[in-house]
Amino acid sequence: MGYPLLLHPLVREQDVPTLGAQFELDKKAQLSLRKELVALLVEIEREPRIGRPMRRRPGYEILADCHSLTFDLPGWRRKRRFRIIYKLDPSIEAIHRVLVYAVGPRPNLEAYRRARERRQAGDWP
Amino acid sequence: MGRGKKRRKLSTIQPKQRLGTSEARENLPKLVNEFAEYERPASSLASRAVEFGPRLRGGAWLVPEVDAQAAIKREQTLAERVLELEELVEDLTAAPIVASRAQTPLEEWETLDEFAAALGLSDVLQAARVATTRRAS
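Chains as they are written, first to last, in the working numbering: chain A, 14 to 138; chain Z, 6 to 142.
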């Protein structure tokens with residue numbers, strides 16, 4: 014084991030139950046996707062820097078130290094459809110820990126438009 | 006329809022010059038020499054292209070190499086730009102989720118062992134840890 018890893022409760026309660034449903038994956042494929050997710054979380058636990066660091070931009074300081082790691086079903090050859098959003102959190106004295114915020118489908122431009130509207134409306138802190 | 010012929014999709018961008026196949030055959034050495042002279046690419050692949058095909062109906066284009074190379078470069082640049090924009094979209098859509106979920110006290114978060122157990126995937130977790138440790142050693 015490498016870094017302590019914690020998952021937000023909504024990852025299990027909200028994200029995982031719908032994981033793959035967006036692409037109409039059957040139950041067997043959804044289970045396969047969950048197994049892939051657990052295996053990847055183990056990889057993150059060992060080496061959190063395997064994900065793509067999110068870029069800090071003015072107004073988006075919340076993303077500092079956040080990473081995105083994409084994944085998909087084993088054998089999937091096209092663009093990966095899902096992502097894990099996590100943060101390498103240095104808040105414990107001298108020890109980094111990993112906080113997994115969300116797991117879900119990668120967004121498209123429509124998702125971006127909605128997020129921008131929410132931000133403009135001051136809907137998130 | 007009904008005659009088994011493939012319908013050709015017409016492009017909205019057409020080269021200015023159009024030749025029949027025989028005419029193109031006759032003019033090919035001259036066109037190649039002319040195209041080889043170009044050192045700077047045109048702004049569009051179509052601008053210096055010559056279309057040829059049976060009965061002046063097109064089907065193939067002949068383009069200067071510099072124009073084709075420039076078009077390939079533009080395509081690569083655009084693909085890189087799309088990738089950058091996709092990453093930007095990913096980051097910006099992640100921000101509200103992170104901001105909202107960061108409000109949850111850490112005592113309510115769960116460990117990977119608890120997470121896997123709740124999903125009935127403890128065996129997968131253990132197997133992944135063993136595999137990861139083996140790979141690392």
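Glycine included, each C-beta is placed from N, C-alpha and C at the ideal position.
So for ILE75(A), helix, strand or coil by DSSP? helix
Since LEU76(A) and LEU18(A) should fall inside the 8 Å C-beta cutoff, what is the C-beta to C-beta distance between them, to a whole number of angstroms? The Cβ separation is near 19 Å, so there is no contact.
In chain Z, which residues lie with their C-beta within 8 Å of the C-beta of PRO61(A)? Under a criterion of Cβ atoms nearer than 8 Å, no residue of chain Z is adjacent to PRO61(A); the nearest Cβ is some 12 Å distant.
Less than 8 Å between the C-beta atoms of GLU112(Z) and PRO22(A), yes or no? no
SER142(Z), buried or exposed, once every other Cβ within 10 Å from all chains shown has been counted against 16: exposed
For the candidate residues GLU130(A), VAL111(A), GLY72(A), VAL116(A), whose alpha-carbon lies nearest to that of LEU59(A)? First, the amino acid is wrong: residue 59(A) is Arg here, not Leu. With distances taken between Cα atoms, ARG59(A) lies closest to VAL111(A).
Could you check the C-alpha separation between ALA143(Z) and ARG79(Z) for me, to the nearest Å? Outside the displayed range of chain Z (6 to 142) lies residue 143(Z), so it cannot be described from this structure.
Which residue from ARG62(Z), GLU42(Z), LEU67(Z), PRO46(Z) puts its Cα closest to that of ALA54(Z)? LEU67(Z)
Name the DSSP bridge partner or partners of GLU57(A)? The residue asked about is misnamed: residue 57(A) is Ile in this sequence, not Glu. Beta-bridge pairing links ILE57(A) to no other residue.
Would you give the residue range spanned by the alpha helix (DSSP H) that ALA121(Z) belongs to? Element bounds for ALA121(Z): 117 to 123.
Got a sec: is the Cβ-Cβ distance from GLU95(Z) to anything in chain A below 8 Å? yes
With distance defined between alpha-carbon atoms, name the residue in ASP85(A), ARG69(A), GLY15(A) nearest to GLN43(A). ASP85(A)
Please list, in chain order, all residues of the same chain as LEU38(A) whose beta carbon is under 7 Å from its beta carbon, the five residues on each side excluded. LEU46
Grouping DSSP H, G and I as helix and E and B as strand, with all else coil, what is THR83(A)? strand
DSSP three-state call for LYS100(A): helix, strand or coil? Looking at LYS100(A) - three-state DSSP - the assignment turns out to be strand.
Whole-angstrom distance between ARG140(Z) and GLY72(A), CA atom to CA atom: 40 Å
With DSSP run on the structure shown, which of helix, strand or coil describes LEU111(Z)? helix
When you compare the CB of PRO138(A) with every CB in chain Z, is at least one pair closer than 8 Å? Its pLDDT being 49, under 50, PRO138(A) is placed unreliably by the model, and the measurement read from it follows with that caveat. Closer than 8 Å to some Cβ of chain Z, the Cβ of PRO138(A) qualifies, so yes.
For ILE57(A) and LEU82(A), believed in contact at Cβ under 8 Å, the rounded distance: 7 Å
Integer-rounded CB distance, given that VAL129(Z) should sit under 8 Å from VAL51(A): Confirmed, about 5 Å.
For ILE97(A), would you say it is in contact with chain Z, using Cβ-to-Cβ distances shorter than 8 Å as the test? For ILE97(A), the answer is no, since every Cβ of chain Z falls outside 8 Å of its Cβ.
Please tell me whether GLY64(A) and PHE95(A) are closer than 8 Å, where the distance is taken between their beta carbons. no
Output needed for ARG23(Z): all residues of its chain with C-beta closer than 6 Å, excluding positions within five of it in sequence on either side, in chain order. GLU56, LEU61
CB-CB under 8 Å to ALA73(Z), same chain, minus the five flanking residues each way: which ones, in chain order? LEU50
GLU130(A) versus PRO101(Z) - alpha carbon distance: 11 Å
Strictly by DSSP, which residues pair up with GLU56(Z)? ARG23(Z), TRP66(Z)
Which term fits ASP28(A), buried or exposed, when burial requires 16 or more other beta carbons within 10 angstroms of its beta carbon? ASP28(A) is buried by the Cβ-count criterion.
So, ARG106(Z) versus TYR114(A), is the Cβ gap smaller than 8 Å? Cβ atoms of ARG106(Z) and TYR114(A): closer than 8 Å.
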